[in-house]
Amino acid sequence: MIEILNAAEAAKARVTGRLVADILQAMKKRAAVGTNLLDIDQWTGDMIRDAGATSCYIDYEPSFGRGPFGHYICTGVNDAVLHGLPHDYQLRDGDLLSLDLAVSKDGIAADSAISFLVGDIKPAGSIEMIRATEKALAAGIAAARPGARIGDLSHAIGTVLSDAGYPVNTEFGGHGIGSTMHQDPHIPNTGRPGRGYVLTPGLMLALEPWVMADTDQLTFDADGWTLRSSTGARSAHSEHTIIITDDGAEILTLPTPS
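If you read the sequence shown in the numbering used here, its first letter stands for residue -3, the second for the next number, and so on.
Quick look at the structure:
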């Protein structure tokens, strides 16, 4: 299913997107050495409920998971890059934490992810890897405009990641979003320009470049959800929800200005 939002739905999407971004930034501030992932999950749930919204993850039960997911936020530490199931783990100095959050409010969902280092230790290559995903995300957004094709976005994202020296996995990537969290079209993190679905105003997309330091191969944890790098290498993940406008793309998952 591919949805095209009208003006009223786009206005709701802006509210949901801002909420997602604000929660992620609040969790980033609270994620210190010694913080438990289960506490981050609980705090996220509290903020979602206080906003009169709902989590897209609690009842999320895709074919690849051992679900339902049953938590409010994905928490990936170090080599855990996608669908990190919150568990009893206290963050350590130098951990690379990826937080991925999808929320629905007033019938419209938004999805975003951030990666950052916890504490004072800065392990080699971690900051560069995070920045590569952020730069790739910006390139994908810059390519998003009416008349462009999905392949143009994939190519822009993949070019940045490959030029930075990272292998690119295409099993999981960006996606359409609207009244539900995951919709068509699928947006691989690399691809050929000039191919795929043509973007039109009102189309909402979640772009999410992610990489692992030295591999493009994933392994599942025993929990049936958490996806890790097959080599144990660190990983990073960045994501924004955007909506196609008449002359480009608007980022919906930016935090409230301080």
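By construction, the Cβ of each residue, glycine as well, lies at the ideal position given by its N, Cα and C atoms.
Computed from a predicted model, the values in this text were never measured in an experiment.
- Looking at the DSSP output, Ser108 sits in a beta bridge with Leu97.
- Around the C-beta of Ser122, 16 or more other C-beta atoms lie within 10 Å, and the residue is accordingly described as buried.
- Here Gly169 is not bridged, per DSSP, to any residue.
- In the same chain as Pro184, and ignoring 5 residues on each side of it, the C-beta atoms closer than 6 Å to its own belong to Ser150, Thr166 and Gly169, in chain order.
- Relative to Ile104, the option among Met208, Glu235, Val11 and Thr215 whose CA is nearest is Val11.
- Collapsing the DSSP output to three states places Ala138 in a helix.
- A residue is called buried once 16 or more other Cβ atoms fall within 10 Å of its Cβ, and Phe65 is buried on that count.
- About 20 Å separates the CB atoms of Leu113 and Leu223; that is not less than 8 Å, and the two are not in contact.
- Annotation for Tyr56: Gly63, Pro64, Phe65 and Met177 place their beta carbon closer than 8 Å to its own, counting only its chain and skipping 5 residues before and after.
- Counting along the chain, the unbroken beta strand (DSSP E) around Leu203 starts and ends at Met200 to Leu203.
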